[in-house]
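A.B. asks: This structure is in structure tokens; I'll ask about it shortly.
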Amino acid sequence: MELQKQLRVAPSPHLKTEDGTRSIMLDVIIALCFPLVMAVYFFGWRALTMTLVSVCSCIAFEWLYRRFTKKSSTIGDLSAVVTGMLLAFNLPVTTPMWILVIGAFFAIVIVKQLYGGLGKNFMNPALAARAFLISWPALITVWVKPLAAKALPLFGNVVPSPDVIVTATPLAKMKAGILPAAGEFSVTLRDAFIGNCAGCIGEVSAVVILAAAIYLIVRKVIRPHVPVAYLGTVAVLTFLFPMHGIDNLTWMAYNLFSGGLMLGAVFMATDYATSPVTPMGKIVFGIGCGAITVLIRYFGSYAEGVSYSILIMNTMVWLLDKSFRPRRFGVKRFAKKAKEAK
Amino acid sequence: MPRNFRGGVHPDDMKKFTRDKAIEVLPAPSEVVLPVSMHIGAPAVPVVAVGDAVKIGQVVAEAQAAVCAPIHATVSGTVKAIEPRPHPNGTNVMSIVIENDFQESWVELTPTDNLHTISGEELGDLCLKAGLVGLGGAAFPVHIKIKSAIGKVDTLIINGAECEPYITSDYRLMLERGEKLLAGVEIVRKALGLEVAHIAIESNKRDAIEHLKKLMQLYPNLKLDVLRTKYPQGSEKHLIYAVTGREVPPGELPSAVGVVNINIATAVAIADYVETGKPLLHKVVTVSGSAVANPKNLLVRIGTPFSALLDAAGGMLEEPHTILAGGPMMGMAQHSIDVPVIKGTNAVLALCKDENKFDEEQICIRCGKCVAACPMNLLPNYLYSYAKANRYEDLDQLNLTDCIECGACSYGCPGRLHLTQTFKTAKRELIARKKKKGE
């Protein structure tokens, strides 16, 4: 037999999985659609338009940046879509649209692309952008009661009216020493679990985010280390140290199901670029996130500490990977140190 | 027994193409090319001259160094040339070319009669005479393995994992030559004075497992271990771990943890030689891949050109993109199909498209899938950045030399990085630098 064409001679392996960056991002987007559905259910169509504005801005800034810097276009990897969705999910439904555009610029251009693009940024773009948007505190902390918000304009600014009931988040009530189920705008544990409470559009429904977490773990997009360590740490600490005379279990449950904890633990703390790659590093990272979250919730002036805890731990990823390397195959964990000590 | 190991990947095993194809005998070619180097170690030294008449089974190149194996004529005829010829490893290697006279005349064969009482030393010598090397692909001379195991090991493991996609040659041997296989295992076990021998098979080879289980009822000292199907289960270190729970320390041989490993085809070849006196002349080779018209398992003479195997498998459906000697995970890509089947060849694959996705853009998204996949517990993503930056001290610190080049990291990388490929080069450079420093 004779061959016509030149054979390709490359080093092994000669086989690669079909799953690429794009298919992973697509899985994350599918998982993000779980909380998006709940966001639309609780806060109306404005939750969807917010998400669309944020996603489109992120794609546009990414495309523009890559074009102006004469680099290959990367919008096809869909990572900008994920950032856009997460950015919108971390803001309340009353947020003006222009704030989202500014946030998208900061996330994509400053946090992601200036550091080299996908995989090179050291902070979660959506979270860093949210931290930056705190520059307009009054505009991104107006919380409305869910299910009563159907009259919100799709794009325009939200103006208070009898249909728009401004309320407090469960965490703010807890900070003030009130059980969320008590007093005005009562939020029962069941409400907090399914998401019938004030909050950022993507964070309210704990149950749906847990379902999304299972999807991501089954699809092998994320590993359970970080969410389990993160949620576990918050659970243990809040169970051991309840506040305001509330019983341990109730206090722990409210802490787990309220605020951005679920969204943070499942979608933000598991961000590839800004979390460790080693199994032990992931666990320590999750524990650190959990401990800082509880510290901020207990002693900080903010009611919520999820975004800052993750941003703080983001800066330690390299250190964690270096300190918690997997055990070398064929060598017992402490064998080397014992040898050196001799 | 863990029956498993940490890490690894799950590529589609692609064995369906040849799983049910019984081994067919490929007629001897008109000419065989026998490279003097088809094993790890020093090349064998030719002891015939151009024009000499040779018989099947005659030694044409002798093992004169310690780590070496002799080479036998696989056809009868005349030595046509002794010259460098293309070798599946990608270089030109001194080869003995024999023109087949189709007389099929054999040298006199001397079977070993005291099968059940041979010692380890004797078995080692027999393996050397038979020209046996590890037939799983690594091609390490078997006599050294056996001799270095005497008195040092307590466990014999027969490697039937065959974890590379497409390849079914060992699977077919287990099904079709099960008795011979068990006889071979018993010979090695008794020679080494061991209580038990393990035959380890991946769980995806159900028929072979059932078949051997039945045969093994007559052999109380043999144990069948069914392992989880996962790549690289057939890696020596990971097979030993899955069967015994012992980890071979870095840079050591399996004997360091009291284990000797032998491949299925090797065990069959040992039985063949001891019982009949026939040295290693044939190889079962799986011919498969997306470009092959009629995938097959063939019994071929060592020295047969790849092109003859591809022809026997019905030729090509379309022009192949890549031709491999061995499996897609660790096999060697070939420049040409004129290279011969050597002792370590267990598959010839023709792939029609870029299954490697070698041309896609590369970007590390730090997903950590390589870390999870690495069976040696390395950090491929960090190794990759250090290798790209030529930071050899950092590479050494992260134990780059532990890399077994199995390809699991590259296979699973969604960012399409050429991880294993980069490590192969960096590893060689690092070892060279360390040597230089040591001098």
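So the sequence lines, in the order shown, correspond to chains G and L.
The first sequence lines up with residues 183 to 524 when you count with the numbering used here.
The second sequence lines up with residues 877 to 1315 when you count with the numbering used here.
Cβ atoms here follow ideal geometry from the backbone N, Cα and C, with glycine treated the same way.
(1) Taking buried to mean at least 16 other C-beta atoms within 10 Å of its own C-beta, is Ala-1223 (chain L) buried or exposed?
(2) By the three-class DSSP mapping on this structure, what secondary structure does Ile-916 (chain L) have?
(3) Is the shortest distance between the beta-carbon of Pro-508 (chain G) and the beta-carbons of chain L less than 8 Å?
(4) Are the C-beta atoms of Asp-209 (chain G) and some chain L residue less than 8 Å apart?
(5) Pick helix, strand or coil for Gly-884 (chain L), following the three-state DSSP scheme.
(6) Under 7 Å Cβ-Cβ, which residues of chain L neighbour Phe-304 (chain G)?
(7) Return the residue from the list G:Tyr-490, G:Val-237, G:Asp-201, G:Leu-334 that minimises the CA-CA distance to Pro-526 (chain G).
(8) Output yes if chain G places a C-beta closer than 8 Å to the C-beta of Gly-1283 (chain L); else output no.
(9) When the cut-off is 8 Å and only beta carbons count, does Leu-1174 (chain L) lie next to chain G?
(10) Quick one: Cα of Gly-442 (chain G) to Cα of Ser-489 (chain G), how far?
(11) Does Gly-1207 (chain L) get closer than 8 Å to chain G when you measure Cβ to Cβ?
(12) List the residues of chain L that Arg-249 (chain G) touches, going by C-beta distances under 8 Å, in chain order.
(13) Using a C-beta cutoff of 8 Å, does Leu-189 (chain G) count as contacting chain L?
(14) Run through chain L and tell me which residues come within less than 8 Å of Ala-192 (chain G), C-beta to C-beta.
(15) Could you check how far apart the C-beta atoms of Ala-1263 (chain L) and Val-885 (chain L) are, in whole angstroms? I think they sit under 8 Å.
(16) For Asn-968 (chain L), which residues in chain G fall below 9 Å Cβ to Cβ?
(17) Of all the CB atoms in chain L, is at least one closer than 8 Å to the CB of Thr-351 (chain G)?
(18) Closest by CA to Ala-904 (chain L), which one among L:Tyr-1258, L:Leu-1174, L:Gly-1291, L:Lys-1313?
(19) Among residues of its own chain, excluding the 5 on either side of Asn-496 (chain G), which ones have a beta-carbon nearer than 7 Å to its beta-carbon?
(20) Under 8 Å, do Ser-971 (chain L) and Val-909 (chain L) count as touching if we go by C-beta distance?
(21) Using the beta-carbon count (16 or more within 10 Å), is Lys-891 (chain L) buried or exposed?
(22) Does the CB of Pro-1125 (chain L) have a neighbour CB from chain G at under 8 Å?
(23) What is the rounded straight-line gap between the Cα of Pro-278 (chain G) and the Cα of Gln-1238 (chain L)?
(24) Measure from the C-beta of Glu-522 (chain G) to each C-beta in chain L and report whether the shortest distance is under 8 Å.
(25) Is the beta carbon of Pro-1041 (chain L) within less than 7 Å of some heavy atom of the ligand NAD?
(26) Return the residues of the segment 446–474 of chain G that lie within a Cβ-Cβ distance of less than 7 Å from chain L, sorted by chain order.
(27) I'd like to confirm the pairing. Which residues does DSSP put opposite Ser-1033 (chain L) in its beta bridges?
(28) Excluding the five sequence neighbours on either side, which residues of its own chain have a C-beta within less than 8 Å of the C-beta of Ser-255 (chain G), listed in chain order?
(29) How about Arg-312 (chain G) and Asn-339 (chain G): do their beta carbons lie closer than 8 Å?
(30) If you measure beta-carbon to beta-carbon, which residues of the segment 1115–1146 of chain L are closer than 7 Å to chain G?
(31) Give me, in chain order, the residues of the same chain whose beta-carbon lies closer than 7 Å to that of Val-924 (chain L); leave out the 5 immediate sequence neighbours on both sides.
(32) How about Ala-1316 (chain L) and Leu-1115 (chain L): are their beta carbons less than 8 Å apart?
(33) Any idea if Thr-950 (chain L) is buried or exposed, counting beta-carbon neighbours within 10 angstroms, 16 or more meaning buried?
(34) Please list the terminal residues of the continuous alpha helix (DSSP H) segment that includes Met-462 (chain G).
(35) How long is the line joining the alpha carbons of Ser-387 (chain G) and Cys-379 (chain G), rounded to whole angstroms?
(36) Pull up the distance between the alpha-carbon of Ile-1140 (chain L) and that of Leu-189 (chain G), whole angstroms please.
C.D. replies: Reading it off the structure:
(1) For this step, residue 1223 (chain L) is matched to residue 347 along the second sequence. So Ala-1223 (chain L) ends up on the buried side.
(2) Along the second sequence, read from residue 1 onward, the residue named residue 916 (chain L) stands at position 40. Reduced to three states, the DSSP call for Ile-916 (chain L) is coil.
(3) Residue mapping note: residue 508 (chain G) aligns to position 326 of the first sequence, counting from 1. With 8 Å as the cut-off, Pro-508 (chain G) counts as an interface residue toward chain L.
(4) Taking the first residue of the first sequence as position 1, residue 209 (chain G) is located at position 27. With 8 Å as the cut-off, Asp-209 (chain G) does not count as an interface residue toward chain L.
(5) For the purposes of this step, residue 884 (chain L) is identified with residue 8 of the second sequence, where counting begins at 1. Three-state result, Gly-884 (chain L): coil.
(6) On the first sequence, residue 304 (chain G) is found 122 positions in, with the first residue counted as 1. In chain order: nothing, as chain L lies at least about 10 Å away.
(7) Outside the displayed range of chain G (183 to 524) lies residue 526 (chain G), so it cannot be described from this structure.
(8) Here residue 1283 (chain L) is taken as the residue at index 407 of the second sequence, counted from 1. So yes, Gly-1283 (chain L) belongs to the interface.
(9) Position 298 of the second sequence, counted from the first residue, corresponds to residue 1174 (chain L). No, its Cβ sits nowhere closer than 8 Å to a Cβ of chain G.
(10) Translated into positions along the first sequence, residue 442 (chain G) becomes position 260. Translated into positions along the first sequence, residue 489 (chain G) becomes position 307. Rounded to whole angstroms, Gly-442 (chain G) to Ser-489 (chain G) spans 8 Å at the Cα level.
(11) Counting from one through the second sequence, the residue named residue 1207 (chain L) turns up at place 331. Interface residue, yes.
(12) Here residue 249 (chain G) refers to the residue found at position 67 of the first sequence. Simply none; closest approach about 17 Å.
(13) Translated into positions along the first sequence, residue 189 (chain G) becomes position 7. Yes, Leu-189 (chain G) lies at the interface with chain L (some Cβ there is under 8 Å from its Cβ).
(14) Along the first sequence, read from residue 1 onward, the residue named residue 192 (chain G) stands at position 10. By Cβ distance, chain L contributes Thr-1198, Ala-1209, Asn-1232, Phe-1234, Gln-1297.
(15) The residue labelled residue 1263 (chain L) in the question sits at position 387 within the second sequence. The residue labelled residue 885 (chain L) in the question sits at position 9 within the second sequence. That belief does not hold up - the Cβ atoms of Ala-1263 (chain L) and Val-885 (chain L) are roughly 21 Å apart, past 8 Å.
(16) The residue given as residue 968 (chain L) occupies position 92 in the second sequence. The contacting residues do not exist; Asn-968 (chain L) stays about 15 Å from chain G at best.
(17) By one-based count along the first sequence, residue 351 (chain G) stands at place 169. No, Thr-351 (chain G) lies away from the interface with chain L (no Cβ there is under 8 Å from its Cβ).
(18) Residue numbering aside, residue 904 (chain L) sits at position 28 when the second sequence is read from its first letter. It is L:Leu-1174.
(19) As a working mapping, residue 496 (chain G) is identified with position 314 in the first sequence. Closer than 7 Å at the Cβ level, and outside the excluded window around Asn-496 (chain G), lie Phe-304, Met-305, Asn-306, Thr-456.
(20) Walking along the second sequence from the start, residue 971 (chain L) turns up at place 95. Walking along the second sequence from the start, residue 909 (chain L) turns up at place 33. Yes, the pair counts as a contact, with Cβ atoms nearer than the cut-off.
(21) Your numbering for residue 891 (chain L) matches position 15 in the second sequence. Lys-891 (chain L) should be labelled buried.
(22) Walking along the second sequence from the start, residue 1125 (chain L) turns up at place 249. Chain G, which has a Cβ nearer than 8 Å to the Cβ of Pro-1125 (chain L), makes this yes.
(23) Taking the first sequence and counting its residues from 1, the one referred to as residue 278 (chain G) is at position 96. Taking the second sequence and counting its residues from 1, the one referred to as residue 1238 (chain L) is at position 362. Near 38 Å, if we compare the C-alpha coordinates of Gln-1238 (chain L) and Pro-278 (chain G).
(24) In the first sequence, the residue the question calls residue 522 (chain G) occupies position 340. Because the pLDDT at Glu-522 (chain G) is just 48, under 50, the model does not fix this residue reliably, and the point stays unresolved.
(25) Summarising the ligand content, the structure contains no ligands, and the ligand NAD is consequently not present.
(26) Tyr-454, Ala-455, Val-459, Thr-460
(27) Working through the second sequence from its first residue, we reach residue 1033 (chain L) at position 157. Correcting the residue type first, residue 1033 (chain L) is Ile in the shown sequence and not Ser. Ile-1033 (chain L) pairs with L:His-1074, L:Asn-1137.
(28) Start at 1 with the first residue of the first sequence, and residue 255 (chain G) comes out as number 73. Correct list, in chain order: Trp-245, Arg-248, Arg-249.
(29) Working through the first sequence from its first residue, we reach residue 312 (chain G) at position 130. Working through the first sequence from its first residue, we reach residue 339 (chain G) at position 157. No, these two residues do not count as a Cβ contact at 8 Å.
(30) Glu-1123, Val-1124, Pro-1125, Pro-1126
(31) Translated into positions along the second sequence, residue 924 (chain L) becomes position 48. These residues qualify, in order along the chain: Val-930, Val-936, Val-955, Ile-972.
(32) This structure leaves residue 1316 (chain L) out entirely; chain L is present only between 877 and 1315.
(33) As a working note, residue 950 (chain L) is residue 74 in the second sequence. By the neighbour-count rule (16 or more Cβ atoms within 10 Å), Thr-950 (chain L) is buried.
(34) Along the first sequence, read from residue 1 onward, the residue named residue 462 (chain G) stands at position 280. Looking at the DSSP string, the run of the alpha helix (DSSP H) that includes Met-462 (chain G) is 461–481.
(35) In the first sequence, the residue the question calls residue 387 (chain G) occupies position 205. In the first sequence, the residue the question calls residue 379 (chain G) occupies position 197. Going from the Cα of Ser-387 (chain G) to the Cα of Cys-379 (chain G) covers about 9 Å.
(36) If you number the second sequence from 1, residue 1140 (chain L) lands on position 264. If you number the first sequence from 1, residue 189 (chain G) lands on position 7. Distance between the alpha carbons of Ile-1140 (chain L) and Leu-189 (chain G): 31 Å.
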